[in-house]
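Read through the structure below, which is laid out as structure tokens, and then see the notes.
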Amino acid sequence: MANKPCIRPELLDDLLEEQDGSKTFESEGLLDELKKALAERVLDAEMDVHLDQEAEQSAGNHRNGYSQKTVLSDTAALPLSIPRDRQGRFEPRLIAKYRRRVPGFDDKIIALYARGMSTRDIQGHVRELYGIEISPDQVSAVTDAVHEQVSAWQNRPLESTYAIVFFDALRVKIRDEGVVKNKAVYLAIGVRCSGHKEVLGLWIEQTEGAKFWLKVMTELRNRGTQEVLIAVVDGLKGFPEAIETVFPDTVVQTCIVHLIRYSMQFASWKERKAVTAQLKPICRAETAEVARERLEEFDRSP
1 MANKPCIRPE LLDDLLEEQD GSKTFESEGL LDELKKALAE RVLDAEMDVH LDQEAEQSAG
61 NHRNGYSQKT VLSDTAALPL SIPRDRQGRF EPRLIAKYRR RVPGFDDKII ALYARGMSTR
121 DIQGHVRELY GIEISPDQVS AVTDAVHEQV SAWQNRPLES TYAIVFFDAL RVKIRDEGVV
181 KNKAVYLAIG VRCSGHKEVL GLWIEQTEGA KFWLKVMTEL RNRGTQEVLI AVVDGLKGFP
241 EAIETVFPDT VVQTCIVHLI RYSMQFASWK ERKAVTAQLK PICRAETAEV ARERLEEFDR
301 SP
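Just so you know, our numbering puts 79 at position 79 of the sequence shown, and the rest follows in order with no gaps.
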């Protein structure tokens, strides 16, 4: 059964009447007109609610015309009429005071910045794609606004106990001094005793070593983690000792994927696919006894 349309077809016909359908989604087209009209309607409704609340408090407040404000949306710069009250106490929620961007626009700027684009690259991209002119300072204001949130996330308190913590690295493109480079981002992913996964932290370091991971372990301890039951690592020399220095009772286990990759060094290229297929059942065995039996079978295989 088809879903009932949210907007009446008659209303759509009225909107599209005498409109060039090919320009509906262009900058300053019908879609932007709708955004402007809807935003102003919501702002007027917010003012009505505000004045009703003021009346209940016998404040004697009332409307005092409109002020003009241009805000940036994801498709255009929209000139809006913002209602004012006589006593200057109206605080719109849709577009708060001193804000020049509609909700959602900042997310697009941050997404472009996260992909390694410079502030001026973003400025040009937004101009070409949306026909909107923003300054590099505006882009910086958006990206700077998330720095506090990132810092709060990096330093947030952790659970006292994690059943498993995986330590590994990802290769990602990062802008460094105007140049995009491939860098390693080291991460710790914890599994709570409830089974829920959580990214404990992300770190960027020039070289991976036991000294670096010792610093990571100390940070996790300082943020509240007292016990890690099992730590899964990649086999880096000195890594287990770094973990045991801070979490002496932790069982350190080498990652199965890294073990299989290491094993491939002893097989020729043409044999690796077949050897990998034989190693997987060993690593996925239900118990240590079953794994040992399968390993013995692997040893006897030609």
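Built from N, CA and C at the ideal position, the CB exists for glycine as well.
query                                                                                                                        : result
Assumed close pair A210, E241 - CB separation to whole angstroms, cut-off 8 angstroms                                        : 6 angstroms
contact_flag[the segment 285-293, the segment 262-270] where n(CB pairs < 8 angstroms) is 3 or more                          : no
Same chain only: Cβ atoms within 7 angstroms of P9, ignoring 5 sequence neighbours per side                                  : none
Proximity to V233 [Cα-Cα], best of F266, A188 and V275                                                                       : A188
Three-state secondary structure (DSSP) of N64                                                                                : strand
Rounded straight-line distance, which links the Cα of F266 to that of L282                                                   : Before going on, a small fix: residue 282 reads as Ile here, not Leu. When rounded, the distance between both Cα atoms is 17 angstroms.
Reduced DSSP secondary structure (H/G/I, E/B, other) of R86                                                                  : coil
Local Cβ density within 10 Å of V165, reported as buried at 16 or more and exposed below that                                : buried
Span separating the alpha-carbon of G60 from that of E54                                                                     : 7 angstroms
C-alpha distance - L78 paired with K181, whole-angstrom precision                                                            : 37 angstroms
Segment contact flag, the segment 249-261 with the segment 216-232, C-beta cutoff 8 angstroms, min 3 pairs                   : yes
Residues of its chain near S67, where Cβ-Cβ distance is below 7 angstroms and the 5 sequence neighbours each way are ignored : I82 and R84
Nearest to G195 (by Cα), restricted to the options Y162, T70, E227 and L170                                                  : Y162
Reduced DSSP category for K97 - H, G, I as helix; E, B as strand; rest coil                                                  : coil
Three-state class that DSSP yields for E244 in the structure shown                                                           : helix
Rounded distance between the beta-carbons of S301 and T278, thought under 8 angstroms                                        : It is worth fixing the name first, because residue 278 is Gln in this sequence and not Thr. Confirmed, about 7 angstroms.
Reduced DSSP category for Q253 - H, G, I as helix; E, B as strand; rest coil                                                 : strand
When I95, R192 and E33 are compared against V71, the one with the closest alpha-carbon                                       : I95
Environment of F298 [buried if 16+ CB atoms lie within 10 Å]                                                                 : exposed
Exposed unless 16 or more other CB atoms sit within 10 angstroms - verdict on W213                                           : buried
Environment of T207 [buried if 16+ CB atoms lie within 10 Å]                                                                 : exposed
Nearest-angstrom Cα separation, counted from L43 out to L51                                                                  : 12 angstroms
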